[in-house]
Amino acid sequence: MLRTKLLIALFSATLLTGLSATAQAKPRLHFESRSLTSHAGIPWTTPTDRGTAVVVSDPVWPLLPDADWIWRTPTAVNEIVTFRHTFKVPHSARKRSASMQITADNAYRAYLNGHLVGAAGPFSFEGPDEFTWASFSSFNMSPRRGRNVLVVRALNYFGPAEPDLNPAGLTYRVDLKVGCPGMSCEHWRP
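Residue numbers for the sequence shown follow my numbering, so the first one is 139 and each next one is one higher.
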């Protein structure tokens, strides 16, 4: 009888030790946040040209923290301008989320890895200008581990961009949050 009680106690202790070791083996997630913003130098393309974004401004445009209003280099041609912003999420990230604030003068379509995540304004060169550029839209996104591509297609209503008569611009901010085991994301740069 004593021997049976001793074996049961030993078995219980082994079982509890194994369970606590399993619970300890699951690492806690450490969360890190980073932001991507529109800025000069982001690549753009049109059906007839390509280049890097320049900073533009108009006193009536709303502002986002750390983000610039950008557009293509000046031209007499009015075309849809496609901006591409590539970023990385650590492969060790177990949890990933992102939210984007965006607006454009005049209309845009935003895609993450080929999936539409947000849009505003009629996508027609004739407008009408509904002043969608006067406020920001917010969208949730689901980035994947590794390389991600944010594509924003934007257009200006009523002809080519002219800073004083017909300004054109795009601004956005993406706030990323990732959770990685231990501190494996601490030096992450998108």
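Glycine is no exception: its CB is placed at the ideal position from the N, C-alpha and C atoms. Everything numeric in this text was worked out from a predicted model, so none of it was measured.
query, result
"Presumed contact (8 Å Cβ cut-off) between Ser275 and Thr241, rounded CB distance", "7 Å"
"Thr190 in three-state terms, based on DSSP", "strand"
"Helix, strand or coil at Trp209 according to DSSP, with G and I counted as helix", "strand"
"The segment 191-209 in contact with the segment 298-309 per 3-pair CB rule at 8 Å", "yes"
"Nearest neighbour of Lys226, chosen from Ala178, Asn216, Gly265, Leu250 [CA to CA]", "Leu250"
"Bridge-paired residues (DSSP) for Glu300", "Asn304"
"As assigned by DSSP and simplified to three states, the class of Trp271", "helix"
"Straight-line gap, Glu170 to Pro181 (C-alpha atoms, nearest Å)", "27 Å"
"Selected residue, minimal CA-CA separation from Thr211, among Ala231, Asp313, Ser262, Ala299", "Ala299"
"Contact set for Glu268: own chain, Cβ-Cβ below 8 Å, skip 5 residues either direction", "Gly259, Pro260"
"Rounded C-alpha distance that separates Thr224 from Thr183", "14 Å"
"Whether Thr220 touches Val289 by CB criterion (8 Å)", "yes"
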